[in-house]
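Chemist: My questions all concern the structure below.
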Amino acid sequence: ADTALHQAKDAGGNQSVFFDARMGQWVAERFSLEQDLRRGIEAGELRLYLQPQVDAHGRMVSAEALVRWQHPQRGLMGPVQFIGLAEESGLIEPLGQWVLEQACAWLGRLRTLGRPLPISVNISPHQFHQADFSQRLQQVLQRHEASGDDLMLEFTEGVVLRQVEQVIERMGFLSGLGVRFSIDDFGTGYSSLSYLKTLPIHELKIDRSFVQDAPHNPGDAALVAAMLSVASLMQLRVVAEGVETEEQAAVFRRHPGALMQGYLFGRPEPAEALLARWLSAGEADHGA
Ligand code: C2E
Ligand code: MG
Ligand code: MG
Ligand code: MG
């Protein structure tokens, strides 16, 4: 290290040494977070949160699973703080498996209680491309007596563009179990739309960036209208992501069948809390 330092100084400055030190610190922090995550998954520190997806009348018709991590020192962490790390370290496999287990356990319970509610689960590229993904998912459904009809898998466009043959084969198999597929962050992927006709896609989620500016920006409004029309012509379910204001909701209420998800209707919250309300609302419907 000493020699390297002298060499760097000789080379004309401290720049690269400083950079190396920062790199070292960054690598160390990442490594320790990775160790924490590995241990945390085993120790039961992941939490399943759900966010409602509502129709034009604000009624919940389904929910999206959004993972959280209750870190012993850092507190409750959102997925942007650890999903990338999980992807790169291979921990996305146990993490993704955990989320699927939890979601399917709820699906089984909700069916048994006579109050089924479809749940969408985010699937990352590595997870979907792991060799036994389909078989494992089938086993999870069976283990929890959950119906594939209640499960939607969300992918970004990047996932469906790699290894297309394998994706077609896998989606075909899972479709046979009733599982449906959604394109997340639709409109941000720089890709051609041809996959919409080659793959069994059932839903488009219009990215929050378009939704939030649609009421005031004519460009965003035009793109939203185009996406709604693609969805309607191809008979796809459509969900507007990140609806925060009544003005934004008004854009989508005009379109029959468009669903909405966003803080205006409910923030992500622990699954038990949201589903306890869902179940008790059902009792109220049937009672007195
Ligand atoms: P996403 O799938 O696009 O999820 C939507 C994100 O927008 C969520 O962030 C949600 O909390 C947030 N959101 C919802 N409504 C609003 C709103 O009205 N305003 C704003 N500003 N944001 C809103 P979150 O929970 O932090 O998740 C971020 C991303 O992490 C997700 O984006 C998804 O790509 C990924 N992710 C979450 N859970 C999982 C998981 O279990 N597995 C994998 N592979 N990825 C996950
Ligand atoms: Mg999503
Ligand atoms: Mg999204
Ligand atoms: Mg998004």
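Residue 897 in the UniProt record's numbering sits at position 120 of the sequence shown, with consecutive numbering throughout. The C-beta atom is built at its ideal place from N, Cα and C for all residues, glycine as well. Owing to the predicted nature of the structure, the values given are computational and were not obtained by experimental measurement.
(1) What residues match up with tyrosine 826 in a beta bridge as DSSP calls it?
(2) Check whether the Cβ atoms of aspartate 990 and aspartate 984 lie closer than 7 Å to each other.
(3) Would the C-beta of glutamate 931 count as close to ligand 2, meaning under 6 Å from any of its heavy atoms?
(4) Could you work out which residue in Ala882, Gln1025, Val1016 and Ser901 is closest to proline 893 when comparing CA atoms only?
(5) For histidine 848, which residues does DSSP report across the bridge?
(6) Which residue wins for smallest C-alpha separation from proline 1033, given the options Ala1050, His921, Val831 and Gly821?
(7) Quick check: the Cα distance between arginine 939 and alanine 840, rounded to an integer number of angstroms?
(8) When you measure from the CB of glutamate 1018 to every non-hydrogen atom of ligand 3, does any distance come out below 6 Å?
(9) Cβ of aspartate 961 versus every heavy atom of ligand 2: is any distance shorter than 6 Å?
(10) Assign serine 1057 to one of three DSSP states: helix, strand, or coil.
(11) The beta strand (DSSP E) with isoleucine 978 in it runs from where to where?
(12) Based on the DSSP output, what are the partners of arginine 1014 in its beta bridges?
(13) As a quick exercise: from Pro829, Arg836, Pro849 and Glu865, pick the residue whose alpha carbon is nearest that of phenylalanine 808.
(14) What's the C-alpha gap between alanine 880 and phenylalanine 859?
(15) Around the Cβ of residue 1083, are there at least 16 other Cβ atoms within 10 angstroms (buried) or fewer (exposed)?
(16) With DSSP as the reference, label valine 838 as helix, strand or coil.
(17) Serine 911 to valine 917, Cα distance in whole Å?
(18) Using only the heavy atoms of ligand 1, determine whether one of them is closer than 6 Å to the beta carbon of tyrosine 1040.
(19) Does the beta-carbon of tryptophan 803 have 16 or more other beta-carbons within 10 angstroms, so that it is buried, or is it exposed?
(20) In angstroms with no decimal places, state the Cα-to-Cα distance between serine 952 and glycine 801.
(21) Bridge partners of aspartate 959, per DSSP?
(22) Give the C-beta separation of leucine 814 and leucine 868 to the nearest angstrom, bearing in mind that I take them to be a contact with Cβ-Cβ under 8 Å.
(23) CB-CB under 8 Å to glycine 835, same chain, minus the five flanking residues each way: which ones, in chain order?
(24) Could you give the uninterrupted runs of the alpha helix (DSSP H) lying entirely in the region 893-938, keeping only those of 4 residues or more?
Modeler: Reading it off the structure:
(1) Against the sequence shown, residue 826 aligns to sequence position 49. Answer by DSSP bridge pairing, in chain order: Leu843 and Pro1047.
(2) The count along the sequence shown starts at 1 and reaches residue 990 at position 213. The count along the sequence shown starts at 1 and reaches residue 984 at position 207. The answer is no: Cβ separation not under 7 Å.
(3) For the purposes of this step, residue 931 is taken as the residue at position 154 of the sequence shown. Yes, since a heavy atom of ligand 2 falls inside the 6 Å radius drawn around the Cβ of glutamate 931.
(4) As a working mapping, residue 893 is identified with position 116 in the sequence shown. For the residues Ala882, Gln1025, Val1016 and Ser901, the minimum Cα distance to proline 893 belongs to Ala882.
(5) Start at 1 with the first residue of the sequence shown, and residue 848 comes out as number 71. Note: histidine 848 sits in a beta bridge opposite Gly852.
(6) Reading the sequence shown from its first residue, position 256 is the one you call residue 1033. Answer by Cα proximity: Val831.
(7) Translated into positions along the sequence shown, residue 939 becomes position 162. Translated into positions along the sequence shown, residue 840 becomes position 63. Looking at the two C-alpha atoms, the distance is approximately 27 Å.
(8) Locating residue 1018 in the sequence shown gives position 241, counting from the first residue. Glutamate 1018 Cβ: within cutoff of ligand 3.
(9) On the sequence shown, position 184 is the one that residue 961 refers to. For ligand 2, a non-hydrogen atom lies closer than 6 Å to the CB of aspartate 961.
(10) Residue 1057 sits at position 280 when you count from the first residue of the sequence shown. In the structure shown, serine 1057 sits in a helix (DSSP, three-state: H, G or I).
(11) One-based indexing of the sequence shown puts residue 978 at position 201. Looking at the DSSP string, isoleucine 978 is not in any beta strand (DSSP E), and its letter there is neither H nor E.
(12) Here residue 1014 is taken as the residue at index 237 of the sequence shown, counted from 1. Arginine 1014 is bridged to Glu980.
(13) What you label residue 808 is simply residue 31 of the sequence shown in a count that begins at 1. It is Glu865 whose Cα lies nearest to the Cα of phenylalanine 808.
(14) Mapped onto the sequence shown, residue 880 falls at position 103. Mapped onto the sequence shown, residue 859 falls at position 82. Just so you know, the alpha carbons of alanine 880 and phenylalanine 859 end up roughly 20 Å apart.
(15) The requested residue 1083 does not occur in the structure, where the chain is confined to residues 778 to 1065.
(16) Within the sequence shown, numbered from 1, the residue matching residue 838 stands at position 61. DSSP places valine 838 in strand when its eight states are reduced to three.
(17) Mapped onto the sequence shown, residue 911 falls at position 134. Mapped onto the sequence shown, residue 917 falls at position 140. So the two alpha carbons sit approximately 10 Å from each other.
(18) Within the sequence shown, the letter at position 263 stands for residue 1040. For ligand 1, at least one heavy atom lies less than 6 Å from the Cβ of tyrosine 1040.
(19) Residue mapping note: residue 803 aligns to position 26 of the sequence shown, counting from 1. With fewer than 16 other Cβ atoms inside 10 Å of its own Cβ, tryptophan 803 counts as exposed.
(20) Here residue 952 refers to the residue found at position 175 of the sequence shown. Here residue 801 refers to the residue found at position 24 of the sequence shown. Serine 952 and glycine 801 have their alpha carbons spaced roughly 46 Å apart.
(21) The residue you call residue 959 lines up with position 182 of the sequence shown. In the sequence as displayed, the identity of residue 959 is serine instead of aspartate. BP columns for serine 959 point to Glu931 and Glu980.
(22) Counting from one through the sequence shown, the residue named residue 814 turns up at place 37. Counting from one through the sequence shown, the residue named residue 868 turns up at place 91. Sure, about 6 Å apart at Cβ, within 8 Å.
(23) Position 58 of the sequence shown, counted from the first residue, corresponds to residue 835. Phe1042, listed in sequence order.
(24) 902-906, 910-920 and 934-938
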